Amino acid sequence: MSNIVLRVCIWILAVVAITANLLVIVFRAKYKHTNQVHSFLIVNLALGDFLMGSYLLVIAVVDWYYRGVYFIHDSDWRRSSMCNVAGFISTFSSELSVFTLTVITLERL
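Heads up: the sequence shown is residues 952 to 1060, going by the numbering used here.
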C-alpha cells in the first residue's frame, strides 16, 4: 500500500474491530440475557466482525513485512497458505455477517 493514510486506517480498523468485538463476545458470554436467541445472533455478528478485523490485521502485517519489496514476492505471497487462510477468513466473515443480519431481520418480522 503506497498511501500512508490507508495504512494507518487499516491498522486502526483492525485493532478497533478486534477489541470491540472481543468485548461484545466476552460480555455476552459472561452475562446471561433474557432473550438468548437475540444474544446468540449478536455473538455471531460479533464473531464475523472479529474475523474481519483479524483479516485486516493479517493484511496490515503482510504490508509491513513486504513494504517496498512486495513486487519481488508477489507470486510467493499469493500462493502461500497464509494468503489462502486470509482469503478464507475474509469470505467466511462476510458471509457470516450477511447470514446473521438476514436471520436477525427475519426474526424481527
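Each residue gets a CB set at the ideal place from its N, CA and C atoms; glycine is no exception. Keep in mind it's a predicted model, so treat the numbers as computed, not measured.
The closest CA to that of LEU964, considering only VAL1036, SER1045, SER1005, LEU1060, is found on SER1005. Close CB contacts of ILE1040 within its chain, under the 7 Å cut and outside five residues either way in sequence, are with LEU1002, SER1005, TYR1006 (chain order). Ranked by Cα distance from TRP1028, the first of ILE1010, ARG979, THR1042 is ILE1010.
When the alpha-carbon of THR970 is set against those of HIS984, SER990, ALA997, the nearest one is in ALA997. Assignment of THR1053 by DSSP, reduced to helix, strand and coil, places it in the helix class.
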